[in-house]
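In our numbering, the protein residues as written are 429 to 1006.
Listed below in structure tokens is the structure:
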């Protein structure tokens, strides 16, 4: 059993202490009893370590940690252990924008200013959006633009585009939903927010964030460039194999100055995030004077979270706003494994209460942060693996249930088991489906040289090198940006269609988020009458983007006067310390 570290509520007066003493003890007992459930979920999900914290009535009420930081099981995590927090970074980016806009004079840009006023070169491919897309639209994920990151990130802990390509990449996003009518998650939008901060403040994102948010709140362990020394209290990133065994990732990805720094690049601790949540809740109820700015705006209803529209689940800017009793965790992985009617109703049978939350999924880390303004409460959960489900989501709901007395959380053990089963089954089903197609279509492709060459995207900042496999005469290889670190086996499927699907363990070992949509992995070549493939489509999404990204066979010189080159090793990737 992990050692508990409990901090009692502040007693504002003797009367307060007497009045709330029994309730406080009951809350602490419930939180402590959740440990067995939480550690069970940790094991099911394949997570090496978990750190949690609870804020209640503005005071840190409870902190606990589970597991170990190292494979030798010698180092315990704690409330000051640094973890990647993934998309919880988005609330920090939004808060930075809120403060930056507050500092601008009234004649300057606002939430609704078209981005072309800031970046004249930003011209969305969809001409209907030109002069319309604003910072607020990107921060609330309501642009209707596809958020696929395939041209920028493909695993192995490296980014495939430098920050200088952000405007071109964001302008080339395809429209797949109505503008300002539908919530469609888009990391590119928060990269654009970081660019807005840099343009208006004339400082790098991490520097402005430090000055505007982190230093004023004394968040001393929150950063995009954490201490990676051997003695650092740092949770190494892991990925979990299908048997539940976590493996340490071979490299550390530093987000500082990267293309997705402001979208998911922060590292933080339980203690820092509790301090941050307290500040957000304080400034939500009393925005003047405040260290943060425009918090009510960031927490307001910007776009319905699901469809058909409901009146109690919205996305603000970096936060989901919802009401309990209700289904939560809709921004995370678990929601993609269940129909919404199968997900638990948090607080079922309780009185209504407002909740704000956000989840994070980074390379090697999953996290969750929940806030409750009515009781000035917050729950933080940090974990350090790309797991078999989203354990931070389930564990956060366990602690919310314990905090408010909804349940003992035991039901989340079965949910953890079922979400693990479904995730693995989905990937296995995809792989079996490809095998079935090959068995039913026992044809050979055209000569493999038909398909080899370099194929470029429309913008010309990304290419895929298709080449013969060095060891298998019946296979090809693809290499993203021509990188030797980004090589995948390409197998014939049917006709002129090939596939490069990965089973679960293959994805895990390459630090990839598991994908089980078979269309994503299909590469559909278009062969001309001369017997040469002119183009292909790839990175399809069955629901949102079935046409996929078109890649054309062209020489490098055809784009940007030969500026597109084989990319050197990413300088931001450092080897893990031994």
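By construction, the Cβ of each residue, glycine as well, lies at the ideal position given by its N, Cα and C atoms.
Nothing here was measured: the structure is a model prediction, and the numbers come from that model.
Any idea which residues DSSP pairs residue i with across the strands?
i: residue 815; result: According to DSSP, residue 815 bridges with nothing at all.
i: residue 782; result: 751
i: residue 810; result: 479, 795
i: residue 542; result: 562
i: residue 966; result: 977
i: residue 883; result: 892, 981
i: residue 500; result: Residue 500 is not bridged to any residue.
i: residue 904; result: 896, 918
i: residue 927; result: 919, 950
i: residue 629; result: According to DSSP, which records beta bridges pairwise, residue 629 is partnered with nothing at all.
i: residue 668; result: 674
i: residue 487; result: 484
i: residue 787; result: 796
i: residue 743; result: 731, 748
i: residue 955; result: 961
i: residue 651; result: 695
i: residue 832; result: BP columns for residue 832 are empty, so no partner.
i: residue 495; result: 477
i: residue 581; result: 587
i: residue 662; result: 510
i: residue 805; result: 800
i: residue 603; result: 573
i: residue 774; result: 754
Which residue from the options puts its Cα closest to that of residue i?
i: residue 608; options: 805, 850, 556; result: 556
i: residue 733; options: 727, 759, 673; result: 759
i: residue 775; options: 537, 829, 677, 626; result: 829
i: residue 500; options: 762, 477, 923; result: 477
i: residue 956; options: 655, 878, 975; result: 878
i: residue 791; options: 694, 480, 784; result: 694
i: residue 802; options: 456, 481, 486, 454; result: 486
i: residue 765; options: 746, 741, 818; result: 818
i: residue 982; options: 659, 891, 544; result: 891
i: residue 901; options: 915, 873, 884, 886; result: 873
i: residue 925; options: 885, 521, 865; result: 865
i: residue 735; options: 612, 586, 856, 703; result: 612
i: residue 885; options: 771, 586, 602; result: 602
i: residue 932; options: 851, 909, 845; result: 851
i: residue 793; options: 545, 618, 916, 681; result: 681
i: residue 543; options: 658, 617, 853, 672; result: 617
i: residue 718; options: 871, 974, 530, 578; result: 530
i: residue 814; options: 673, 504, 706; result: 673
i: residue 677; options: 742, 929, 934, 798; result: 934
i: residue 778; options: 804, 845, 751, 767; result: 751
i: residue 953; options: 520, 930, 876, 929; result: 876
Return yes when the Cβ of residue j is within less than 8 Å of the Cβ of residue i, no when it is not.
i: residue 1021; j: residue 610; result: Lying outside 429 to 1006, the shown extent of the chain, residue 1021 is not represented and no answer is given.
i: residue 754; j: residue 787; result: no
i: residue 918; j: residue 950; result: no
i: residue 568; j: residue 773; result: no
i: residue 796; j: residue 821; result: yes
i: residue 526; j: residue 692; result: no
i: residue 523; j: residue 720; result: yes
i: residue 511; j: residue 605; result: no
i: residue 625; j: residue 528; result: yes
i: residue 621; j: residue 690; result: yes
i: residue 816; j: residue 473; result: yes
i: residue 615; j: residue 553; result: no
i: residue 826; j: residue 479; result: no
i: residue 936; j: residue 667; result: yes
i: residue 518; j: residue 744; result: no
i: residue 966; j: residue 855; result: no
i: residue 948; j: residue 968; result: yes
i: residue 589; j: residue 675; result: no
i: residue 771; j: residue 783; result: no
i: residue 495; j: residue 475; result: yes
i: residue 761; j: residue 789; result: yes
i: residue 889; j: residue 586; result: no
i: residue 576; j: residue 973; result: yes
i: residue 650; j: residue 700; result: yes
i: residue 509; j: residue 655; result: no
Hey, does residue i have any beta-carbon neighbour from chain D nearer than 8 Å?
i: residue 526; result: Chain labels in this structure do not include chain D; a single protein chain is all it has.
Alpha helix (DSSP H) runs contained entirely in the stretch 670-702, provided each spans 4 or more residues
Within the stretch 670-702, complete alpha helix (DSSP H) segments of at least 4 residues are found at 689-692, given in chain order.
At least 3 beta-carbon pairs within less than 8 Å: the stretch 821-836 vs the stretch 455-471:
Output reads yes: the stretch 455-471 touches the stretch 821-836.
Hey, is the stretch 959-974 in contact with the stretch 802-812, meaning 3+ C-beta pairs nearer than 8 Å?
The stretch 802-812 and the stretch 959-974 do not touch, with fewer than three beta-carbon pairs separated by less than 8 Å.
When the Cβ atoms of the stretch 640-648 are set against those of the stretch 463-475, are three or more pairs found closer than 8 Å?
Put simply, the stretch 640-648 does not touch the stretch 463-475. Fewer than three CB pairs are less than 8 Å apart.
Say whether the stretch 932-947 touches the stretch 574-594, bearing in mind that this needs 3 or more beta-carbon pairs closer than 8 Å, one atom from each stretch.
In the pairwise beta carbon analysis, the stretch 932-947 is classified as touching the stretch 574-594: at least three pairs are separated by under 8 Å.
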